[in-house]
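Undergrad: Numbering (my numbering), first residue to last: 7 to 255.
The C-beta atom is built at its ideal place from N, Cα and C for all residues, glycine as well.
Let me give you the structure first, and then I'll get to my questions.
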Ligand code: PGA
């Protein structure tokens with residue numbers, strides 16, 4: 007059984023004080039339902055305070071990006087071992103905002119995912135088509151190329167540690183989520199592809215999150231789909247009450 011994974015991607019919101027308050031509001035006295043995991047991904051500078059706020063709770067810590075080298079002359083970058091030491095269990099790689107604003111390629115995302123795994127972090131590997139690509143019926147081709155590229159050379163043994171987040175770009179931050187059926191259709195396609203890449207064991211073990219305008223109202227119907235194993239939540243994760251509703255949905 008795949009454990010449902012709800013992750014909050016705070017993006018570039020919150021200095022340490024704000025992040026600490028939000029983390030405490032999320033974790034204080036709240037259980038994560040059995041069979042589920044919940045992760046908060048604050049900006050880098052807030053990781054230490056959020057780690058402290060989550061200690062002893064059922065909520066886990068993640069980062070929003072990493073570099074692929076362990077250390078060296080890479081000004082401005084943060085490595086997977088640094089994130090591990092800071093208490094992270096997960097790291098998002100290849101978010102569409104990084105692909106778009108920073109030109110990240112599938113090959114770079116792949117190096118990040120492999121480096122994360124090597125450091126003992128679970129990578130949340132993001133894929134998804136733009137509106138133009140969906141309207142020209144390229145969704146499956148785009149998603150397949152992103153998955154094949156981003157997960158290249160990952161071993162069958164490591165595959166169960168990988169999480170895929172299907173995030174249609176047109177649904178991110180727009181208030182226009184994919185319908186549960188649209189999400190499930192792409193998730194089922196991804197599931198088949200993962201089976202081809204990692205064998206049925208690996209393919210069945212990898213969790214596939216949906217992301218893009220998930221909120222307290224639509225979470226239940228999205229998570230009710232058989233191939234939807236969780237949610238990557240942006241805007242709605244910045245409010246403790248709405249994030250907790252999604253965690254419990
Ligand atoms: P959103 O962001 O929930 O605000 O649409 C999702 C994401 O970018 O991961």
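Where are the beta strand (DSSP E) runs, 3 residues long or more, that stay fully inside the segment 11 to 63, in chain order?
TA: 42 to 47
Undergrad: Less than 8 Å between the C-beta atoms of residue 138 and residue 148, yes or no?
TA: Position 132 of the chain shown, counted from the first residue, corresponds to residue 138. Position 142 of the chain shown, counted from the first residue, corresponds to residue 148. In this structure, residue 148 does not lie closer than 8 Å to residue 138 by Cβ.
Undergrad: Less than 8 Å between the beta carbons of residue 220 and residue 228, yes or no?
TA: In the chain shown, counting from the first residue as 1, residue 220 sits at position 214. In the chain shown, counting from the first residue as 1, residue 228 sits at position 222. A Cβ-Cβ contact shorter than 8 Å links residue 220 with residue 228.
Undergrad: Is there at least one non-hydrogen atom of the ligand PGA closer than 7 Å to the beta-carbon of residue 248?
TA: Sequence index remark: in the chain shown, residue 248 carries index 242 (1-based). No, Cβ of residue 248 sits at least 7 Å from all heavy atoms of the ligand PGA.
Undergrad: Rounded to the nearest angstrom, what separates residue 121 and residue 115 at their Cα positions?
TA: What you label residue 121 is simply residue 115 of the chain shown in a count that begins at 1. What you label residue 115 is simply residue 109 of the chain shown in a count that begins at 1. Each residue's Cα considered, the two are about 10 Å apart.
Undergrad: Tell me whether residue 80 sits in a helix, a strand or coil according to DSSP, three-state version.
TA: Along the chain shown, read from residue 1 onward, the residue named residue 80 stands at position 74. Residue 80 falls in the coil class under three-state DSSP.
Undergrad: Identify which residue in 124, 206, 196 has its Cα closest to the Cα of residue 159.
TA: Locating residue 159 in the chain shown gives position 153, where the first residue counts as 1. Looking at the Cα atoms, 124 is the closest of the given residues.
Undergrad: Relative to the ligand PGA, is the shortest distance from any of its heavy atoms to the C-beta of residue 239 smaller than 7 Å?
TA: Sequence index remark: in the chain shown, residue 239 carries index 233 (1-based). Yes, the beta carbon of residue 239 sits closer than 7 Å to at least one heavy atom of the ligand PGA.
Undergrad: Run through the segment 102 to 190 for me and flag every whole alpha helix (DSSP H) of 4 or more residues, listed as ranges in chain order.
TA: 102 to 108, 112 to 124, 137 to 141, 145 to 156
Undergrad: Excluding the five sequence neighbours on either side, which residues of its own chain have a C-beta within less than 6 Å of the C-beta of residue 26, listed in chain order?
TA: Within the chain shown, the letter at position 20 stands for residue 26. Excluding sequence neighbours, residue 26 sits near 55, 59.
Undergrad: Would you mind stating whether residue 236 and residue 11 have Cβ atoms separated by less than 8 Å?
TA: Sequence index remark: in the chain shown, residue 236 carries index 230 (1-based). Sequence index remark: in the chain shown, residue 11 carries index 5 (1-based). Yes. Within cutoff.
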